[in-house]
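Below is one structure, written out as structure tokens; the observations come after it.
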Amino acid sequence: MHVRAVRREGEGFGVQLADGRTLTANVIINATGTWDRPFIPHIPGGADFRGRQLHTHDYTTPAEFAGKRVLVVGAGISAIQLLIEIAREAPGVETFWCSRREPVFNTEPFTPEQGREAVARVERRVRAGLPPTSVVSVTGLALTPAIAAAQRDGILSWRPMFTRITETGVCWDCGPEGGEHLDLDVIFWNTGFRSSLDHLAPLRLRAPGGGITMTGRLATVVEADPRIQLIGYGPSASTIGANRAGREAARVAADLLGVASR
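Using our numbering, read the sequence shown as starting at 1331 and increasing by one per residue.
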């Protein structure tokens, strides 16, 4: 079933479906994730580019970039892994790489303590009603053997973010007096995703800080309406976190409905 919108109706919720039907519910457990909300930042001139633009969401195989000049945009692990894959496997490709901030690679092993602190930092943000940050902004990037080899081979040659997109590529500090221009066939955005929560907009859950204020033992309960839980938002946006959050959501829902949970 495709959910279009969720609204409060009486003492419960009305869940509007794409086929026109409306279901009723007493409790909402939202687990829509982020995959259908790819994010591409607004850069002047984006609509003028005559080449191809795609997002991580659209990627299939490095073969589609053979013989192309490809700019990979992003500083997360997906951007780096796909940049390396394309550079090594697409025949005749020329790759370039840029992002808003220069990535910092960690040479030390990522410890369990650092993992717990990373989760705690994300949790503190959503409990304060702030938007969740990206995983990399909290954990950093591990300098794996594959990444180290790519650095040695000149694949990970980083540039700062361009300031404008043109018909034929991108440019830095472009203007009447010129600037640096890079001719491209493809701009490949690896700039992350946003939480898929548009269907919850009628509930007006967002806090002044731009996020949704979360509460509960694992920060999965919406503070503004505890009958709503968000799984995959904030600290539960990982495989391990989602498993724990799912069990907690079932317990909370059972308590709200007055039924026994396992």
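No residue lacks a Cβ here, since even glycine has one placed at the ideal position from N, Cα and C.
Within 10 angstroms of its Cβ, does residue i collect 16 or more other Cβ (buried), or is it exposed?
{"i": "Gly-1340", "result": "exposed"}
{"i": "Arg-1430", "result": "exposed"}
{"i": "Met-1331", "result": "exposed"}
{"i": "Leu-1548", "result": "buried"}
{"i": "Arg-1557", "result": "buried"}
{"i": "Pro-1462", "result": "buried"}
{"i": "Arg-1395", "result": "At residue 1395 the sequence reads Phe, which differs from the Arg that was named. Label assigned to Phe-1395: buried."}
{"i": "Ala-1472", "result": "exposed"}
{"i": "Arg-1455", "result": "buried"}
{"i": "Gly-1540", "result": "exposed"}
{"i": "Phe-1369", "result": "exposed"}
{"i": "Thr-1543", "result": "buried"}
{"i": "Glu-1510", "result": "exposed"}
{"i": "Ala-1348", "result": "exposed"}
Helix, strand or coil for residue i, going by three-state DSSP, please let me know.
{"i": "Thr-1386", "result": "helix"}
{"i": "His-1511", "result": "strand"}
{"i": "Ala-1549", "result": "coil"}
{"i": "Phe-1435", "result": "strand"}
{"i": "Ala-1355", "result": "strand"}
{"i": "Pro-1475", "result": "helix"}
{"i": "Ser-1487", "result": "coil"}
{"i": "Ile-1558", "result": "strand"}
{"i": "Leu-1347", "result": "strand"}
{"i": "Glu-1313", "result": "The structure shown has nothing for residue 1313, since the chain only spans 1331 to 1592."}
{"i": "Val-1582", "result": "helix"}
{"i": "Gly-1342", "result": "strand"}
{"i": "Ser-1429", "result": "strand"}
{"i": "Gly-1505", "result": "strand"}
{"i": "Glu-1497", "result": "coil"}
Comparing alpha-carbon positions, which option in the options lies nearest residue i?
{"i": "Ala-1479", "options": "Leu-1413, Arg-1455, Ile-1542 and Val-1500", "result": "Leu-1413"}
{"i": "Asp-1366", "options": "Leu-1353, Phe-1523 and Arg-1337", "result": "Phe-1523"}
{"i": "Val-1500", "options": "Ala-1377, Phe-1369 and Ala-1348", "result": "Ala-1377"}
{"i": "Leu-1353", "options": "Asn-1520, Val-1333, Glu-1510 and Gln-1411", "result": "Val-1333"}
{"i": "Trp-1487", "options": "Leu-1535, Cys-1428, Phe-1435 and Ala-1579", "result": "Checking the displayed sequence, the identity of residue 1487 turns out to be Ser instead of Trp. Comparing Cα-Cα distances from Ser-1487 to each of Leu-1535, Cys-1428, Phe-1435 and Ala-1579, the minimum goes to Cys-1428."}
{"i": "Gly-1546", "options": "Ala-1567, Lys-1398 and Ala-1575", "result": "Ala-1575"}
{"i": "Leu-1512", "options": "Ala-1537, Phe-1426 and Glu-1453", "result": "Phe-1426"}
{"i": "Cys-1504", "options": "Glu-1497, Thr-1498, Leu-1514 and Thr-1493", "result": "Thr-1493"}
{"i": "Arg-1337", "options": "His-1529, Arg-1457, Leu-1471 and Pro-1506", "result": "His-1529"}
{"i": "Ala-1450", "options": "Arg-1482, Gly-1363, Ser-1566 and Gly-1397", "result": "Ser-1566"}
{"i": "Ile-1517", "options": "Gly-1484, Ser-1525 and Thr-1386", "result": "Thr-1386"}
{"i": "Arg-1380", "options": "Glu-1432, Asp-1515 and Tyr-1389", "result": "Asp-1515"}
{"i": "Glu-1497", "options": "Leu-1384, Gly-1375 and Gln-1346", "result": "Gly-1375"}
{"i": "Arg-1536", "options": "Leu-1587, Arg-1577, Pro-1506 and Ala-1554", "result": "Ala-1554"}
{"i": "Val-1459", "options": "Thr-1364, Leu-1586, Ala-1579 and Val-1551", "result": "The amino acid occupying residue 1459 in the given sequence is Gly; Val does not appear at that position. Checked all of Thr-1364, Leu-1586, Ala-1579 and Val-1551; the closest Cα to Gly-1459 is Val-1551."}
{"i": "Ser-1525", "options": "Pro-1532, Tyr-1563 and Leu-1533", "result": "Tyr-1563"}
{"i": "Thr-1521", "options": "Val-1402, Ala-1448, Asn-1573 and Met-1544", "result": "Val-1402"}
{"i": "Leu-1560", "options": "Arg-1457, Trp-1519 and Trp-1502", "result": "Arg-1457"}
{"i": "Ile-1410", "options": "Lys-1398, Pro-1433 and Arg-1399", "result": "Pro-1433"}
Where does the unbroken alpha helix (DSSP H) through residue i begin, and where does it stop?
{"i": "Glu-1447", "result": "1442-1457"}
Taking residue i as part of the beta strand (DSSP E), name the residues at either end of that continuous run.
{"i": "Ala-1405", "result": "Neither: Ala-1405 is in no beta strand (DSSP E) and is coded neither H nor E."}
{"i": "Ala-1335", "result": "1333-1339"}
{"i": "Val-1516", "result": "1516-1519"}
Is there a Cβ from chain B that is less than 8 Å from the Cβ of residue i?
{"i": "Val-1403", "result": "The displayed structure is made up of one protein chain only, and chain B is not part of it."}
Could you tell me whether any non-hydrogen atom of the ligand PLP is closer than 7 Å to the CB of residue i?
{"i": "Glu-1438", "result": "In terms of ligand content, the structure shown is empty, and the ligand PLP therefore cannot be addressed."}
Check: Taking contact to mean at least 3 C-beta pairs separated by less than 8 Å, is the stretch 1416-1426 in contact with the stretch 1440-1455?
Finding: The way I'd put it, the stretch 1416-1426 doesn't touch the stretch 1440-1455; fewer than three beta-carbon pairs between them come closer than 8 Å.
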